[in-house]
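>
In my numbering, the protein residues as written are -11 to 246.
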């Protein structure tokens, strides 16, 4: 199959968290790509439950596939699982114990939903709600297989301890948080696999976050948003306008791809 495939991060790339919207022009641009039979994938660290409050005009588009949980869960065009990579219960118990011993808030995402495994703070709860228009309930970890873990940690020495102790996991470091996934799990691994299996002639990826850097580096053309964090900008081939300026649509139009 000889096609140009497009891979889009959601938050800060297509979705404006500040206003909880995907602009009409962005939806038009995605629709045009799909109408031209281009494969279009969403690639996000969101869990399935965190997709619930995205605008219907956006999430109901017939995307070719969804790469969620930072690559741990891949869904096809019917939203059925294609692949799943989970953190096993023994490993999760170690994470759970570590967070409890150090009084750290962590969120785990399992097949039955996303939960805080330890008590949250108002700051963290409100931050999650501001991103997804919902926040996890608290529920003790009970041997579920988990796709993705977020650990909130401000102390830099403790963060380094986490990065060292769990170095065999797939890790993404943020300013006040660390994301953990099954080893050999990432956005770029799944994007590479999708491109290889489908023999796409060209891959184009858009993103704004630290966890998009690998995907932008891997793609034949990696495009960072104008509002992107430095790791994404450094990894990208080009930088487009910000999400608030319809950067994706503007870039696609400038290339005469829509």
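The C-beta atom is built at its ideal place from N, Cα and C for all residues, glycine as well.
According to DSSP, is residue -8 helix, strand or coil?
Note: residue -8 maps to strand in three-state DSSP.
> Assign residue 79 to one of three DSSP states: helix, strand, or coil.
Secondary structure of residue 79 (DSSP, three-state): helix.
> When the Cα of residue 5 is compared with those of 228, 227, 237, 196, which residue comes out closest?
196
> Going by DSSP, what residue range makes up the alpha helix (DSSP H) through residue 136?
Residue 136 -> not in any alpha helix (DSSP H); beta strand (DSSP E) instead, spanning 134 to 140.
> When the Cα of residue 154 is compared with those of 11, 169, 244, 94, which residue comes out closest?
Residue 154 has its Cα closest to that of 169, out of 11, 169, 244, 94.
> May I have a chain-ordered list of the beta strand (DSSP E) segments no shorter than 3 residues that lie completely inside the region 157 to 181?
158 to 161, 165 to 169
> Determine the direct distance from the alpha carbon of residue 100 to that of residue 238, and round the result to whole angstroms.
38 Å
> Helix or strand or just coil, what does DSSP make of residue 40?
coil
> Take the Cβ of residue 63 as the centre, count every other Cβ of all protein chains shown within 10 Å, and call the residue buried at 16 or more, exposed below.
buried
> Where does the unbroken beta strand (DSSP E) through residue 103 begin, and where does it stop?
101 to 104
> For residue 246, which residues of its own chain have a beta-carbon under 7 Å away from its beta-carbon, when the five flanking residues on both sides are left out?
17, 20, 21, 240
> Buried or exposed: residue 50, going by 16 or more other Cβ atoms within 10 Å of its Cβ?
Under a 10 Å Cβ-count criterion, residue 50 is classified as exposed, with fewer than 16 other Cβ atoms of the shown protein chains found around its own Cβ.
> Measure the alpha-carbon distance for residue -7 versus residue 30 and round it to whole angstroms.
11 Å
> Along the chain, where does the beta strand (DSSP E) containing residue 193 start, and where does it finish?
Note, residue 193: beta strand (DSSP E), 190 to 195.
> From 199, 148, 141, 164, pick the residue whose C-alpha is nearest to that of residue 56; which is it?
199
> Give the straight-line distance between the Cα atoms of residue 210 and residue 204, rounded to the nearest whole angstrom.
4 Å
> Let me confirm a value: residue 95 is counted as buried when at least 16 other C-beta atoms fall within 10 Å, else exposed. Which label applies?
Buried, by the Cβ-count rule.
> Could you work out which residue in 212, 235, 218, 216 is closest to residue 224 when comparing CA atoms only?
212
> Tell me which residues share the same chain as residue 162 and place their Cβ nearer than 7 Å to its Cβ, disregarding the 5 neighbours each side in the sequence.
198
> Would a C-beta distance cut-off of 8 Å place residue 0 and residue 215 closer than the cut-off?
yes
> Quickly, what does DSSP pair residue 209 with across the bridge? List them, please.
192
> What residues in its chain sit with their C-beta under 6 Å from that of residue 167, if we drop five residues either side in the sequence?
138, 160
> Which of helix, strand or coil does DSSP assign to residue 1?
coil
> Which of the three DSSP states, helix, strand or coil, is assigned to residue 65?
coil
> What number of angstroms, rounded off, separates the C-alpha of residue 192 from the C-alpha of residue 234?
17 Å
> If you compare alpha carbons, which of 9, 77, 7 is closest to residue 134?
77
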